[in-house]
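J.: Following the working numbering, the numbering of the sequence shown begins with 744 at its first residue and continues without gaps.
Okay, handing you the structure first.
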Amino acid sequence: MTKTELREVMVTRYIAPLREGGSLPALVEADDDFKYVLKFKGAGHGTKALIAEYIGGEIARTLGLKVPELVFADLDEAFGRTEADEEIQDLLKASRGLNLALHFLCGALTYDPAVNQVDENLASRIVWLDALITNVDRTFRNTNMLIWHKELWLIDHGASFYFHHSWENKEKHSTSPFSLIKDHVLLPQASMLEEVDKEFQQILTEDKIRDIINLIPEEWLQWRETLDPAEEIKEAYVQFLLRRLENSEIFIKEAQHARKNLI
């Protein structure tokens, strides 16, 4: 089994804000001369959005889905001092230290369900993933998928794992049917959920889940709303995922029921 590793880069240039994102991500350049879409820990949902982005993206990659490379992106204390936009300068100041970035897919086009076709197997894989991680943000209004080199790439998993915004109810959320799957843009094509479940249950082992979770930086786990130490928070994510896997028939049946109402 390949061990999860993320490269770390130093952000060297702020190019432009990407204002279509609610958390004001930015296009930046790093010291490896590549461009990235940078997600800031100082934005709206703070490090929880970065954790969701990281876990969701790495689980997707583990399952064989295409996701732009994720890297830890370091913002130096002096970075952004010359930025003229006061809102952006405040965001940069609040995000000093370790952030998360995705490799920029230059020339990629937004997935359009009216134009682009996805086969039933791939659609089922993506719907299953989003039901597992409770991703509320892959809808007709905001597909969060790109077409790059004629292939489908998944982006923006920061709205996943919404249980961590109500930390006291994490056990209840772990076995929820995830009714919001009814809004998933690929649900009409997702006719192979049971077959995909059998395959993915073999791939997404407890060891692999722990491997992914253990890489979360401790500085992202210093939350105001809980005094739980970082290791306990990591374990909560592990147990959330294990319980959802053990009870996958709950979210599969929910998705199948929602699909029947669509077709």
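Don't be surprised by glycine CBs; every beta carbon is placed ideally from N, CA and C.
Bear in mind the structure is a predicted one, so any value in this text is a computation, not a measurement.
1) When we look at the beta-carbon of Q932 and count the other beta-carbons within 10 Å, is it buried (16 or more) or exposed?
2) On the three-state DSSP scale, how would you describe F815?
3) Count the other C-beta atoms from every protein chain shown that fall within 10 angstroms of the C-beta of M753, then say buried if there are 16 or more, exposed otherwise.
4) Enumerate in chain order the residues of its own chain whose CB-to-CB distance from K746 is below 8 Å, with the five nearest sequence positions on each side excluded.
5) For E909, count neighbouring C-beta atoms within 10 Å of its own C-beta (all shown protein chains included) and say buried if the count is 16 or more, exposed if not.
6) Have a look at the DSSP bridge pairing and note the partners of N912.
7) Give me whichever residues DSSP pairs with R756 in a beta bridge.
8) Taking DSSP as the reference, what is the three-state secondary structure of N887?
9) Enumerate in chain order the residues of its own chain whose CB-to-CB distance from L956 is below 6 Å, with the five nearest sequence positions on each side excluded.
10) For the alpha helix (DSSP H) that contains L835, what are its first and last residues?
11) Could you pull the start and end residues of the beta strand (DSSP E) that V810 belongs to?
12) If you follow the alpha helix (DSSP H) that Y980 is in, where does it begin and where does it stop?
13) What residue ranges within the segment 894-969 form continuous beta strand (DSSP E) runs of no fewer than 3 residues, ordered along the chain?
14) Using the DSSP secondary-structure output, state which residues sit across from N842 in a beta bridge.
15) Does DSSP classify Y797 as helix, strand or coil?
16) Within 10 Å of its beta-carbon, does H1000 have 16 or more other beta-carbons around it, so buried, or fewer, so exposed?
17) Is A803 near L897, with beta carbons less than 8 Å apart?
T.: Reading from the atomic positions:
1) As a working note, residue 932 is residue 189 in the sequence shown. Using a 10 angstroms sphere on the CB of Q932, the tally of other CB atoms reaches 16 or more, which defines it as buried.
2) As a working mapping, residue 815 is identified with position 72 in the sequence shown. In the structure shown, F815 sits in a strand (DSSP, three-state: E or B).
3) Against the sequence shown, residue 753 aligns to sequence position 10. It counts as exposed.
4) By one-based count along the sequence shown, residue 746 stands at place 3. Correct list, in chain order: D954.
5) Counting from one through the sequence shown, the residue named residue 909 turns up at place 166. At residue 909 the sequence reads Ser, which differs from the Glu that was named. Result: exposed.
6) Position 169 of the sequence shown, counted from the start, is the residue given in the question as residue 912. N912 pairs with nothing; no bridge assigned.
7) Residue mapping note: residue 756 aligns to position 13 of the sequence shown, counting from 1. In the DSSP output, where bridge partners are listed per residue, R756 has E772.
8) Counted from its first residue, the sequence shown places residue 887 at position 144. DSSP places N887 in coil when its eight states are reduced to three.
9) Along the sequence shown, one-based indexing puts residue 956 at 213. First, the amino acid is wrong: residue 956 is Ile here, not Leu. So the qualifying residues of the chain are K977, Y980, V981.
10) As a first step, residue 835 is located in the sequence shown; it is residue number 92 there, counting from the start. Where L835 is concerned, the enclosing alpha helix (DSSP H) stretches over 829-837.
11) The residue given as residue 810 occupies position 67 in the sequence shown. Counting along the chain, V810 falls outside any beta strand (DSSP E), and DSSP gives it neither H nor E.
12) As a working mapping, residue 980 is identified with position 237 in the sequence shown. 973-989 is the extent of the alpha helix (DSSP H) around Y980.
13) Every beta strand (DSSP E) of 3 residues or more that sits fully in the segment 894-969 is shown, in chain order, as 894-897.
14) Position 99 of the sequence shown, counted from the start, is the residue given in the question as residue 842. N842 is bridged to A816.
15) For this step, residue 797 is matched to residue 54 along the sequence shown. Y797: helix per DSSP, three-state reduction.
16) Counting from one through the sequence shown, the residue named residue 1000 turns up at place 257. Classification of H1000: exposed, given that the 10 Å Cβ count is below 16.
17) Here residue 803 refers to the residue found at position 60 when the sequence shown is read from its first residue. Here residue 897 refers to the residue found at position 154 when the sequence shown is read from its first residue. The answer is yes: Cβ separation under 8 Å.
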